[in-house]
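Structure record follows, encoded as structure tokens.
Residue numbers (the working numbering), protein chains in the order written: chain E, 27 to 329; chain G, 2 to 114.
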């Protein structure tokens with residue numbers, strides 16, 4: 027079984043290739059450690075050289091710890107204290123991806139939503155609007171099929187499909203592999219379309235600059251409070267399919283209010299990829315954010 | 002089922018620690034899980050038993066230490082207790098809360114052989 031994502035052996039496919047040799051593969055990026063994106067509740071100065079995944083490993087004396095007394099001679103049991111984040115491994119891969127993006131001035135956006143929110147349609151329209159001025163590539167995550175990657179390729183930008191098999195989310199490791207194949211150019215824009223799921227992708231950092239949560243008005247307006255982790259993790263919420271609002275009982279104001287409850291800092295956009303309404307604001311946000319990603323990359327910025 | 006993936010990650014950490022700290026078997030695992038970590042504890046226990054089967058943590062006991070959710074209320078300018086992400090401030094009712102604790106998902110300690 028895959029020890030990174032928990033899916034069965036050989037279940038993950040990056041467009042046909044089974045990629046399950048985790049221990050032997052090479053990434054051409056470093057699996058280093060970047061501190062700023064780790065979610066630790068404790069603060070400590072990061073000026074000491076230390077191992078990755080914050081492990082303060084020490085062996086304790088017998089008898090310490092919650093298990094209480096251990097009788098010497100009767101049991102060889104000992105207590106080992108390891109303070110490790112359970113998803114530390116994923117965070118390491120995500121940090122490596124993030125470094126890859128930072129080194130090349132690439133803006134990576136992680137698009138998350140439930141299935142059927144119109145992620146791929148929004149993506150296709152976004153690509154059409156931007157591809158003449160920006161280099162764009164796409165990583166598509168789905169449990170099965172390469173349908174979405176094919177839809178993206180019809181717009182003539184490179185796309186790679188990652189099939190998670192039984193897995194319910196993309197993780198940092200899968201994205202690292204996809205980057206090896208996709209090799210997005212410096213100063214480009216990378217969209218990662220996550221598996222349609224409002225639960226698990228919230229917990230798995232991929233190294234993106236921002237998570238963008240897409241919620242269509244054909245869904246319930248209370249989704250932000252039903253799936254609070256996702257809307258908390260996202261920096262931007264896109265309310266999609268707003269052209270359908272006249273036919274629905276969707277209360278936009280209420281939805282916005284719910285989203286602000288779980289994430290007071292979330293930015294809100296309303297658009298319809300079909301009619302083009304609100305697309306300018308979305309494209310404007312992408313361009314501005316991409317400009318920030320270019321900071322410190324003068325050759326690409328001069329384009 | 003990302004509790005399953007979490008248990009896979011736990012086993013991965015255990016296997017790595019087993020090499021560096023030289024133990025063969027894990028008898029008990031202590032986890033620290035916050036109410037805002039997005040982890041369903043019952044599902045985690047179920048997955049833990051399933052995932053650890055045949056590994057060095059086969060039959061291991063899982064002890065979960067639940068931590069408290071805390072947030073900084075911008076209106077009250079102080080730390081308050083929260084149970085869920087959409088909880089309002091228990092004192093002033095504002096939703097202007099910055100979560101400060103309760104997102105932990107950490108392996109604290111092991112009993113090993």
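From the three backbone atoms N, C-alpha and C, an ideal C-beta is built for every residue, glycine too.
Since we're looking at a predicted model, the values are computed, not measured.
Practice item. Report all residues from its chain with a CB closer than 6 angstroms to the CB of residue 51(G); omit the five preceding and five following residues, and keep chain order. Key: Counting only Cβ-Cβ distances below 6 angstroms, and skipping sequence neighbours, we find nothing.
Review point. Whose CA, out of 76(G), 38(G), 79(G) and 18(G), lies closest to the CA of residue 227(E)?
Key: Out of 76(G), 38(G), 79(G) and 18(G), the CA that lies nearest to the CA of residue 227(E) is found in 38(G).
Review point. So is residue 318(E) buried or exposed if we call it buried at 16+ other beta carbons inside 10 Å?
Key: Label assigned to residue 318(E): exposed.
Practice item. Can you tell me which of the three DSSP states residue 236(E) falls into? Key: Three-state DSSP puts residue 236(E) in a strand.
Check your understanding: Do residue 146(E) and residue 167(E) come within 9 angstroms of each other at the CB atom, strictly closer than that value?
Key -> Note that the C-beta distance between residue 167(E) and residue 146(E) is not below 9 angstroms.
Point to revise | Buried or exposed (CB count within 10 angstroms, at least 16 for buried), residue 252(E) | key: Burial call: exposed.
Check your understanding: Exposed or buried, what is residue 267(E) when buried is set at 16 or more other beta-carbons lying within 10 Å of its beta-carbon?
Key -> Counting Cβ neighbours within 10 Å, residue 267(E) comes out buried, since at least 16 surround it.
Point to revise | Run of the alpha helix (DSSP H) containing residue 196(E), from where it starts to where it stops | key: Premise fails: residue 196(E) is in no alpha helix (DSSP H) and is neither H nor E.
Review point. Which bits of chain E does residue 92(G) rub up against, with CB to CB less than 7 angstroms?
Key: Proximity of chain E to residue 92(G) at the Cβ level (cut-off 7 angstroms) is not reached, the minimal Cβ distance being about 16 angstroms.
Practice item. Identify whether residue 133(E) lies in helix, strand or coil by the three-state DSSP scheme. Key: Reduced to three states, the DSSP call for residue 133(E) is strand.
Review point. For the stretch 277-322 of chain E, which segments carrying the alpha helix (DSSP H) assignment without a break, of at least 4 residues, lie completely within its bounds, in sequence order?
Key: Whole alpha helix (DSSP H) segments, 4+ residues: 278-288 and 305-319.
Point to revise | Cβ shell of residue 205(E) (< 7 angstroms), same chain only, five flanking positions each side left out | key: Cβ within range, chain order: 123 and 126.
Review point. So what does DSSP say about residue 189(E), is it helix, strand or coil?
Key: Annotated three-state conformation of residue 189(E) is strand, per DSSP.
Exercise for review: Quick one: list the residues of chain E neighbouring residue 14(G), beta-carbon separation under 8 angstroms, in chain order.
Suggested key: Within chain E, the residues whose beta carbon sits less than 8 angstroms from that of residue 14(G) are 108, 110, 112, 114 and 115, listed in sequence order.
**Study point:** Contact set between the stretch 39-60 of chain G and chain E, restricted to residues whose Cβ is under 7 angstroms from the partner
**Key:** Answer in chain order: 39.
Practice item. In the DSSP assignment, find the unbroken beta strand (DSSP E) run with residue 48(G) in it and report its ends. Key: It is not in any beta strand (DSSP E) - residue 48(G) instead sits in the alpha helix (DSSP H) that spans 42-53.
Point to revise | Alpha-carbon spacing of residue 410(E) relative to residue 216(E), whole angstroms | key: It is not possible to answer for residue 410(E), since the shown part of chain E is limited to 27 through 329.
Review point. Nearest to residue 280(E) by alpha carbon, out of 231(E), 232(E), 121(E) and 265(E)?
Key: Nearest option by C-alpha distance: 265(E).
Point to revise | Cα-Cα separation, residue 138(E) to residue 220(E) | key: Looking at the two C-alpha atoms, the distance is approximately 5 angstroms.
Exercise for review: For chain E, find out if any of its Cβ atoms is closer than 9 angstroms to the Cβ of residue 63(G); answer yes or no.
Suggested key: Not closer than 9 angstroms to any Cβ of chain E, the Cβ of residue 63(G) fails to qualify, so no.
Practice item. Take residue 119(E) and list the residues in its own chain whose beta-carbon comes closer than 6 angstroms to its own, dropping the five residues that flank it on each side. Key: Within the same chain, Cβ atoms closer than 6 angstroms to the Cβ of residue 119(E) are found at 198, 199 and 202, the five residues on either side in sequence being excluded.
Practice item. For the beta strand (DSSP E) holding residue 110(E), just list the boundary residues, first then last. Key: From DSSP, the beta strand (DSSP E) with residue 110(E) extends over 104-111.
Review point. What is the DSSP secondary structure of residue 274(E), reduced to helix, strand or coil?
Key: Coil.
Review point. Excluding the five sequence neighbours on either side, which residues of its own chain have a C-beta within less than 8 angstroms of the C-beta of residue 66(G), listed in chain order?
Key: Same-chain partners within the cutoff: 31, 32, 33, 34 and 109.
Review point. What's the call for residue 84(G), buried or exposed, on a 16-neighbour Cβ count within 10 Å?
Key: When all chains shown are included, residue 84(G) counts as exposed.
Exercise for review: Quick one: give me the first and last residue of the beta strand (DSSP E) that residue 164(E) is part of.
Suggested key: Per DSSP, residue 164(E) is one residue of the beta strand (DSSP E) stretching across 162-168.
Check your understanding: Shorter than 9 angstroms from the beta carbon of residue 251(E) to some beta carbon of chain G?
Key -> Chain G contact via Cβ: present.
Exercise for review: Give every residue of the same chain whose Cβ lies closer than 6 angstroms to the Cβ of residue 134(E), excluding the five residues on either side of it in the sequence, and list them in chain order.
Suggested key: Around residue 134(E): 127, 216, 234 and 235.
Point to revise | chain G within 9 angstroms of residue 193(E), Cβ atoms only | key: Residue 193(E) counts as touching chain G.
**Study point:** Spatial distance of residue 104(E) from residue 61(G) (CA atoms)
**Key:** A direct Cα-to-Cα measurement between residue 104(E) and residue 61(G) gives close to 14 angstroms.
Review point. For residue 82(G), which beta-bridge partners are listed by DSSP?
Key: 71(G), per the DSSP bridge assignment.
Practice item. Taking C-beta pairs closer than 7 angstroms, name the residues in chain E that residue 28(G) reaches, listed in chain order. Key: Those are 103, listed as they occur along chain E.
Practice item. Can you tell me the Cβ-Cβ gap for residue 208(E) and residue 163(E), rounded? I've got them flagged as a contact below 8 angstroms. Key: Confirmed, Cβ separation roughly 5 angstroms.
Check your understanding: Among 105(G), 93(G) and 49(G), which residue has its Cα nearest to the Cα of residue 28(G)?
Key -> Among 105(G), 93(G) and 49(G), the Cα nearest to that of residue 28(G) belongs to 49(G).
Review point. Under a CB-based cut-off of 9 angstroms, is residue 51(E) close to chain G?
Key: Here residue 51(E) scores only 40 on pLDDT, less than 50, and its place in the model should not be relied on; the value that follows carries that caveat. It does not; no Cβ of chain G falls within 9 angstroms.
Review point. Taking Cβ-Cβ distances shorter than 8 angstroms, what residues in chain E pair up with residue 109(G)?
Key: Residues of chain E passing the Cβ test: 107, 108 and 109.
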